[in-house]
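Shown next, in structure tokens, is the structure this report addresses.
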Amino acid sequence: MSMQRIDAYATPTKSNRSERQRAWTRIILALLLLAGIVVWALLINADNLKVNLEGRNTAPSLAHLFGTDWLGRDMFARTLKGLTLSLAVGMLAALSSTGIALFFSLLSSWNKWLDDMVTWVTDLFLSIPHIVTLILLSVAVGGGFKGVVVGLALTHWPRFTRLLRAEVLQVKEAEYVGVSRQLGRSRLWIARHHFLPHLFPHLLVGFLLLLPHAILHEAAITFLGFGFSTDTPAIGVILSESMSYLSTGLWWLAFFPGLALVIMVSIFELLGRSIRRLAETSSG
Amino acid sequence: MHYKQVMLFITGKAVKLATLLIAVSILSFFLISYSPIDPVQLYIGADMTRVSPEQRENIAEYWGLHESKPQQFINWGKAVLHGDFGTSLLYRSPVADVIAERFLASLALMVVAWLLSGVVGFLLGIIAGMRQGTWADHVIKGFCFTLASTPAFWLALLFLMTFSVWLGWFPVGLGTPAGVLAEDVTWVERLRHLVLPALTLSIAGVANVALHTREKLIEVLASEYIRFAKAKGEHGFVLVWRHGLRNISIPAVSLHFASFGELFGGAVLAEQVFSYPGLGQAIVQAGLGGDVPLLLGIVLFSAVFVFVGNVMADLLYQLIDPRMRRSGVQ
Amino acid sequence: MNLISSTRNTPLLEVKNFSLTFHSDRKDRQEPLTQVIRQFDITIREGEIMAVVGASGSGKSLLADAILGILPENATCKGMLHYKGEPLTEKRRKHLCGDQIMLIPQSLNALDPLMKTGKQVQTVMKGKGKKDGQRAVFRKVGLPDHVSNQYPFELSGGMARRVLIATAMVSNAHFIIADEATPGIDPHALGEMVTFIKHLAMEGKGVMFITHDIETALQVADKVAVFYAGETVEIANVEDFSGTGETLRHPYTKALWNSLPQNGFVPLEGHQPLADEKGKGCAFQPRCQRATDICLQKQPESRIVKAGMVRCFHA
Ligand SMILES: Nc1ncnc2c1ncn2[C@@H]1O[C@H](COP(=O)(O)OP(=O)(O)OP(=O)(O)O)[C@@H](O)[C@H]1O
Ligand code: SF4
Ligand SMILES: [Mg+2]
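Residue numbers (numbering that gives the first Met the number 0), protein chains in the order written: chain A, 0 to 283; chain B, 0 to 329; chain C, 0 to 314.
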């Protein structure tokens, strides 16, 4: 006779409150910063992006925080424009990759064969270095803007699919799904009413964590010369162009745009991690 | 391990590699074949205007461009099976030779970076894990998270600016333009060219290992067997050495092997910045220049490279972890 | 009998007015404290087996952790904790733990999954002939030689438990804390464990046997300390548990005894108070049938009744 049976002793629950508060603070801070970047970029005076041969190659100053380039364009304005461009492309890519991941994970809940297929395709995409896939897709589509977006959209789903698939399979085993099935609910009904609500937090967190990756890859592939054309102020383009001027000492051309990118990506990382933490503590 | 198990392992992996390569070939071949690249034009290059339509025809005939796509694929596949990856349009020499030469250069870079980032990352991870919650942990974690948000090529640019332009310790890229024969470059010269790309690649790879090691160590330190070891009076370094390292090193090394894909990607970017004549630079040139045979060759090669990493990771568990090593025997 | 014979020398372990408190995960002080153990008293002498009986989650393992000095960082403890008449300081623990004081842990996961069992047992031994000594003890607990070369995952649950017991046996520990698994081990294995532990006590070692099961406690121990809401409410001799429990001192102990199937199976209503539910009166009062006004007003002090300790006004 165990004492447990007569004497259930409830364990005091550890308070997650301060942890959640901290996460919320971080989220709000991150969102404010991001909003700041976007609004600022929208307010940028188009004149700053214009060629101004008189003010060429000036080092950072109060007038030009990030200096100017060899055509006298204000690097701060170009960088901000570049960031919003990266953000837009990253959003697009992360969104479509999330969609693909969701589709595949639901597909794999259908039956064993489809599940195997999904696993196989996922493994296939993971078997080539990401950059190589990006180059391949960019070449296939014919490069340029289309090349970057298609490439980014079609390559960020595999790891995310693995995660979602595991979640879906777990829900599938859950009792209430079995009950629904016995009640004769259709698969689509089950997907809508059981899988999607359960997956939603994962989708949000996954999307947010994909964003920084997509942005970094956009910059990388553009830097290599596959992405945007040279007249676009994308960070990758800016950095790639800066290479020709580094030996002449125009360090600010590479330093500030890159730093700005790092900061934006870090903010997204932080946002994604904080929201994940929030999702974990509220469900756990 | 038993002979039979070894055979089974090898056969399994071989079959897997074969299906993988077939799938990658089909996928990449058809992707490329629908691209707007005109192979004839690329082959002729700038001389386009001087070539008559008949000559054009001949070239198209020579490349088998009039056949159906599946037929083209079969032709290409057959050649590949015979070890003939075609001729690189840019380098005007057999793709296999280009890959071999370039890969050797990249290999030096990647081996150095892989080892360095592995060792440094592992140590940082252990320090952070042992000192969880202290400032050392926060610094290391912050460093790793920032690193994860830093594009490798920007890191490369920073190094280039600092060490080559500013301090003048190393050549400013473009030191060995493509086309300089390998024999013409001295060893010292080669090493000088290796340092910065290798450094970039090492640092870029540290974050992953360090964070993983940290996480794993914290998990292990919270385990029952560590609690028991502490109850037996073990503490400090001996404790981590005896029980910690054993339990975190296999997953860490295994993870590091499984990250060959990222290593390759990092090499592509680092080589581009430092004009390092490796495989990464070659694939960029092949992609930009529409050198389809070379591009396909490198795609396949990179798949094999990643696969080898994954097999090593697997093998490590099979050979070293007693739970895997022995459970087969019984 | 033990009560008389063992009072002569200094006790091995003496715990008085001991309390253990958790603060929140991080060190900010806004979060409420949780007191898991309070007013805990126990004395264990050489050759004595003291069972500590308490419900699951009542803090028994934490008590062991406190003695061994391996508490989680967010725990603080107060009170007297003496080993062989002197306070157990951090410095003394470094020498004692793993040498004079040994733990037989609760969980089988206490074995390092990547170290051969023989080696793990040898880590607590000193000097030469470790291997032979370890094998001899393995044989004593019924483990064949080849087990020394096996990894924990290759052992059955029973074998792993024997390895853990062997660890305590090879050491020259004077004081052993045995933490029994809550899910309960099968009766046969339990019987074996009881035999080994009695054997250890026969060699003159003091044993603190932690369990949630009063029946097991009665099989092994000379004395039983009953844990309620983090306090010792009674320390009784095994012989006190008989009949309808009229020799028992505390109403809770009596209720436990009478809830056993062979003693009428009388259930005890209610639950143990949570850390924040404890009033200023007796912790057991809400469930006590003998409670009076004073029980609401004051906490009973511990006192000696019929050669045992009890914390109740009406014992
Ligand atoms: N780090 C911690 N922070 C806050 N509370 C904790 C912490 N560790 C343990 N506790 C609480 O202390 C209580 C005592 O746990 P303990 O493991 O000592 O119980 P036990 O009596 O050994 O139970 P069992 O019989 O199941 O082994 C539990 O209710 C647990 O919730
Ligand atoms: S002190 Fe009062 S309430 Fe507490 S156990 Fe004794 S009789 Fe019951
Ligand atoms: Mg316990």
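Glycine included, every Cβ here is placed at the ideal spot set by N, Cα and C.
Residue i CB to nearest heavy atom of ligand 3 below 7 Å
i, result
"residue 59 (chain C)", "yes"
"residue 271 (chain C)", "no"
"residue 178 (chain C)", "yes"
"residue 38 (chain C)", "no"
"residue 271 (chain B)", "no"
"residue 105 (chain C)", "yes"
Sub-8 Å separation of residue i and residue j beta-carbons
i, j, result
"residue 234 (chain C)", "residue 206 (chain C)", "no"
"residue 262 (chain B)", "residue 20 (chain B)", "no"
"residue 143 (chain B)", "residue 197 (chain B)", "no"
"residue 278 (chain B)", "residue 286 (chain B)", "no"
"residue 226 (chain C)", "residue 59 (chain C)", "yes"
"residue 78 (chain A)", "residue 67 (chain A)", "no"
"residue 199 (chain B)", "residue 265 (chain A)", "no"
"residue 153 (chain A)", "residue 220 (chain A)", "no"
"residue 137 (chain A)", "residue 225 (chain A)", "yes"
"residue 133 (chain C)", "residue 120 (chain C)", "yes"
"residue 3 (chain B)", "residue 310 (chain B)", "no"
"residue 218 (chain A)", "residue 160 (chain B)", "no"
"residue 50 (chain A)", "residue 71 (chain A)", "yes"
"residue 28 (chain B)", "residue 75 (chain B)", "yes"
"residue 26 (chain A)", "residue 274 (chain A)", "yes"
"residue 280 (chain A)", "residue 18 (chain A)", "yes"
"residue 73 (chain C)", "residue 21 (chain C)", "yes"
Near ligand 1: residue i beta-carbon under 7 Å from a heavy atom
i, result
"residue 35 (chain C)", "yes"
"residue 17 (chain C)", "no"
"residue 55 (chain C)", "yes"
"residue 71 (chain C)", "yes"
"residue 99 (chain C)", "no"
"residue 227 (chain B)", "no"
"residue 208 (chain C)", "no"
"residue 211 (chain C)", "yes"
"residue 300 (chain B)", "no"
"residue 21 (chain C)", "yes"
Cβ separation of residue i and residue j, assumed to be a contact under 8 Å, to the nearest whole Å
i, j, result
"residue 107 (chain A)", "residue 164 (chain A)", "5 Å"
"residue 230 (chain B)", "residue 102 (chain C)", "4 Å"
"residue 50 (chain C)", "residue 219 (chain C)", "6 Å"
"residue 100 (chain A)", "residue 156 (chain A)", "4 Å"
"residue 259 (chain A)", "residue 84 (chain A)", "Incorrect: roughly 12 Å between the Cβ atoms, too far for contact."
"residue 310 (chain C)", "residue 245 (chain C)", "The pair is not a contact, with the Cβ atoms about 19 Å apart (cut-off 8 Å)."
"residue 166 (chain A)", "residue 203 (chain A)", "About 13 Å separates the two Cβ atoms, so there is no contact after all."
"residue 195 (chain C)", "residue 140 (chain C)", "7 Å"
Where the beta carbon is closer than 5 Å to any heavy atom of ligand 2, which residues qualify, in chain order? C:250, C:281, C:283, C:284, C:287, C:289, C:290, C:294, C:299, C:311, C:312 and C:313
Within the region 80 to 145 of chain A, note down every full beta strand (DSSP E) run reaching 3 residues or more, in order along the chain. Segments of the beta strand (DSSP E) lying fully in the region 80 to 145 of chain A: there are none.
Secondary structure, alpha helix (DSSP H): runs of 4+ residues fully inside the region 148 to 215 of chain A: Segments of the alpha helix (DSSP H) lying fully in the region 148 to 215 of chain A: 157 to 172, 174 to 181 and 186 to 189.
List, from N- to C-terminal side, the beta strand (DSSP E) runs of 3 residues or more that fit wholly inside the region 5 to 29 of chain B. none
What beta strand (DSSP E) runs, 3 residues minimum, are completely inside the region 114 to 199 of chain C? 174 to 178
Counting only runs that start and end within the region 15 to 93 of chain C, where is the alpha helix (DSSP H) found for 4 or more residues in a row? 59 to 67
Could you give the uninterrupted runs of the alpha helix (DSSP H) lying entirely in the region 228 to 266 of chain C, keeping only those of 4 residues or more? 250 to 257
Starting from the N-terminal side, write out each stretch of the alpha helix (DSSP H) that is 4 residues or longer and does not extend beyond the region 230 to 300 of chain B. 235 to 238, 244 to 256, 259 to 273 and 278 to 288
What are the start and end residues of each continuous alpha helix (DSSP H) run of 4 or more residues lying completely inside the region 188 to 228 of chain B, in chain order? none
Enumerated in chain order, which unbroken segments of the alpha helix (DSSP H) with a length of 4 residues or greater are wholly contained in the region 65 to 108 of chain B? 68 to 80
List in chain order: all unbroken alpha helix (DSSP H) runs of 4+ residues lying wholly within the region 226 to 262 of chain A. 234 to 245
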